[in-house]
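Asker: Structure provided below as structure tokens; questions to follow.
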Amino acid sequence: MGYRAPEVIETRKPSQKSDVYGFRVLPLEALTGKAPMRGPPGSSGAYNEVVDLPRWVRSVVKEEWTTEVFDAELVSSQSVEKDMV
Numbered sequence: 001m002g003y004r005a006p007e008v009i010e011t012r013k014p015s016q017k018s019d020v021y022g023f024r025v026l027p028l029e030a031l032t033g034k035a036p037m038r039g040p041p042g043s044s045g046a047y048n049e050v051v052d053l054p055r056w057v058r059s060v061v062k063e064e065w066t067t068e069v070f071d072a073e074l075v076s077s078q079s080v081e082k083d084m085v
């Protein structure tokens with residue numbers, strides 16, 4: 001469910017646009033170390049309050065907290081920003 005575009009979940013009609021959405025989620029998952037859709041902390045898998053990874057990344061970048069987006073394992077390297085650029 002986490003790789004599907006929101007409109008595909010609602011309409012069940014995939015498109016090229018929805019495929020691109022799913023492909024964009026993969027690098028976000030790799031860079032953040034977070035699942036594409038997850039419940040709130042302590043929810044033990046309950047999805048009644050789902051956190052949407054692409055939306056979360058957009059909001060964090062908008063607030064200019066970019067380093068908080070990346071997985072701690074990636075950030076621990078001194079040259080991580082040079083490597084990513």
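1 is the number of the first residue of the sequence shown in full-length UniProt numbering; add one for each residue after it. The C-beta atom is built at its ideal place from N, Cα and C for all residues, glycine as well. Please read all numbers here as calculations on a predicted model, not as lab measurements.
Evaluate proline 36 with the Cβ neighbour count: other Cβ atoms within 10 Å of its Cβ, from every protein chain shown; 16 or more gives buried, anything less gives exposed.
Answerer: Taking the sequence shown and counting its residues from 1, one reaches residue 36 at position 36. Buried.
Asker: Could you check what DSSP says for aspartate 71 in three-state terms: helix, strand or coil?
Answerer: Position 71 of the sequence shown, counted from the first residue, corresponds to residue 71. Correct three-state label for aspartate 71: coil.
Asker: Is the region 26-34 close to the region 50-65, with three or more CB pairs under 8 Å?
Answerer: Contact holds: three or more Cβ-Cβ distances are below 8 Å.
Asker: Taking just the CA atoms, how far does phenylalanine 70 sit from tyrosine 21?
Answerer: On the sequence shown, residue 21 is found 21 positions in, with the first residue counted as 1. On the sequence shown, residue 70 is found 70 positions in, with the first residue counted as 1. Whole-angstrom Cα-Cα distance: 19 Å.
Asker: Identify the residues that DSSP records as bridge partners of aspartate 52: which are they?
Answerer: Within the sequence shown, the letter at position 52 stands for residue 52. Aspartate 52 is bridged to Met37.
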